[in-house]
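Take a look at the structure below.
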Amino acid sequence: MNAAPLPPGRHVAVLVSLLSCLLLTGCPDEGVVCSEGLSRCGDTCVDLTSESANCGECGNTCGTGQLCAQSACRCQQGATACGDACVDTQSSPQHCGGCAGEGGKVCQPFEVCMNGDCQGSCAGGMLQCSNGCINPAVSNLHCGACDNACGDARSCRGGVCTYDVVATCFNTGQVVGIQSGSDFKGPNTLVASSPQSAARMMNVLLVLDSTRKLVQARLSDYGVLPARNDTGRAPNQVLVLDPYLYILNSSDNTLQILRREGDPIPPG
461 MNAAPLPPGR HVAVLVSLLS CLLLTGCPDE GVVCSEGLSR CGDTCVDLTS ESANCGECGN
521 TCGTGQLCAQ SACRCQQGAT ACGDACVDTQ SSPQHCGGCA GEGGKVCQPF EVCMNGDCQG
581 SCAGGMLQCS NGCINPAVSN LHCGACDNAC GDARSCRGGV CTYDVVATCF NTGQVVGIQS
641 GSDFKGPNTL VASSPQSAAR MMNVLLVLDS TRKLVQARLS DYGVLPARND TGRAPNQVLV
701 LDPYLYILNS SDNTLQILRR EGDPIPPG
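Have a look at this one:
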């Protein structure tokens with residue numbers, strides 16, 4: 461028996477239905493989809509090339525005094541590899557002045573290591589950490605307190621771990637921290653949609669986004685803050701002269717001036 465031909469409108473409906481099914485089967489649920497340069501570890505997108513908690517592969521954590529560079533754990537700036545440990549030879553009582561057995565000294569139990577030499581006590585203004593004398597304002601291994609090491613290419617500035625320079629990546633929506641005086645960079649981190657420019661105000665990172673928003677994040681870990689400000693159509697440059705913030709909008713030919721209200725956030 462021959463089937464009756466479908467009306468023209470029915471042909472279209474059936475075709476659309478078939479196409480919908482094909483599209484759905486061709487797009488499986490992959491969960492978290494990471495942007496360029498990031499890899500999936502569980503439900504999080506991470507930079508395996510420079511994230512100390514996932515260095516080279518998910519879950520591979522670098523040890524104390526180490527940073528992740530090019531997917532491998534290396535001693536951070538100011539630390540020296542002595543055996544399997546990364547130590548500050550200026551303050552380590554086991555490797556004072558250099559690695560033990562390679563020109564360095566092992567201080568006596570009643571001595572401390574200060575400036576690479578075994579001494580009787582720490583000088584004024586120095587903090588004693590495990591028989592080592594350190595300056596907590598600038599020590600990357602003991603930043604602000606004993607054993608508070610700065611990770612992911614951050615430097616100790618005034619006792620707070622922070623990035624020296626932050627670069628924006630317009631095409632990926634990511635920012636990356638860079639440590640001055642070394643070849644270390646922090647992990648690429650998604651902060652905005654298409655960041656145009658960035659600046660810092662105390663311990664806050666300010667990112668001009670192409671979505672006409674000023675995005676704020678903690679410099680310590682790039683944690684995005686809820687506060688946002690509207691900008692012009694093309695926010696190109698941002699300049700900070702605390703407490704004022706100047707935003708140049710090229711399309712509108714305007715200079716937007718914002719004033720900081722309240723104290724900065726505590727370090728995260």
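Numbers given in the numbering used here equal positions in the sequence shown, counted from 1, plus 460.
Even glycine gets a Cβ: it sits at the ideal position worked out from N, Cα and C.
Beta-carbon contacts of residue i that lie in its chain and below 7 angstroms, excluding the five residues immediately before and after
i	result
Ser-729	Because the chain spans 461 through 728 in this model, residue 729 falls outside it and cannot be assessed.
Val-684	Val-651, Val-675, Ala-677
Asp-507	Gly-497, Leu-498, Pro-647, Asn-648
Range covered by the beta strand (DSSP E) that runs through residue i
i	result
Cys-515	Counting along the chain, Cys-515 falls outside any beta strand (DSSP E), and DSSP gives it neither H nor E.
Arg-617	615-617
Asp-577	577-579
Ser-711	Per DSSP, Ser-711 belongs to no beta strand (DSSP E) and is neither H nor E.
Thr-628	625-629
Leu-587	587-589
Met-574	572-574
Cys-528	526-529
Thr-504	504-506
Ala-545	545-547
Cys-582	Segment: none, Cys-582 is in no beta strand (DSSP E) and carries neither H nor E.
Length of the line joining the Cα atoms of residue i and residue j
i	j	result
Asn-591	Val-572	5 angstroms
Gly-516	Ser-510	8 angstroms
Ala-659	Val-598	22 angstroms
Leu-666	Leu-715	16 angstroms
Asn-520	Cys-535	15 angstroms
Ser-653	Thr-632	7 angstroms
Cys-616	Asn-600	5 angstroms
Cys-487	Gln-530	With a pLDDT of 42 at Cys-487, under the threshold of 50, the modelled position of that residue is not reliable, and the figure given next carries that caveat. Taking the straight line from one Cα to the other gives about 33 angstroms.
Ser-657	Cys-593	40 angstroms
Val-664	Pro-569	42 angstroms
Ile-638	Ala-627	8 angstroms
Cys-494	Leu-708	31 angstroms
His-555	Cys-578	10 angstroms
Ala-613	Lys-645	5 angstroms
Val-501	Cys-518	The identity of residue 501 in the sequence shown is Cys, whereas the question assumes Val. Cα-Cα distance, rounded: 6 angstroms.
Per-residue DSSP class, three states only, for residue i
i	result
Asp-669	strand
Pro-655	strand
Gln-537	coil
Asp-690	strand
Ser-495	coil
Val-598	coil
Gln-729	Absent from the model: residue 729. The displayed extent of the chain is 461 to 728, so no value can be given.
Pro-569	coil
Tyr-704	strand
Ala-605	coil
Pro-695	strand
Cys-621	strand
Spatial neighbours of residue i in its chain, beta-carbon cut-off 8 angstroms, leaving aside the 5 residues before and after
i	result
Arg-720	Met-661, Asp-702, Pro-703, Tyr-704, Leu-705
Thr-485	For Thr-485, the predicted model reports a pLDDT of 42, less than 50, meaning its position is unreliable and no value from the coordinates is stated.
Ala-532	Cys-515, Gly-516
Thr-540	Cys-546, Val-547, Asp-548, Thr-549, His-555, Gly-558, Cys-559
Phe-630	Ser-654, Pro-655, Gln-656, Ser-670
Ala-583	Met-574, Cys-593
Other residues of its chain near residue i: CB distance less than 6 angstroms, five sequence neighbours each side excluded
i	result
Thr-504	none
Ser-581	none
Cys-589	His-602, Cys-606
Taking contact to mean at least 3 C-beta pairs separated by less than 8 angstroms, is the region 604-623 in contact with the region 519-530?
Touching, yes, given that three or more Cβ pairs across the two stretches are closer than 8 angstroms.
Should the region 610-624 be called in touch with the region 547-562, which here means at least 3 C-beta pairs below 8 angstroms?
Counting C-beta pairs with one atom in each stretch, the region 610-624 and the region 547-562 have fewer than three that are closer than 8 angstroms, which means they do not touch.
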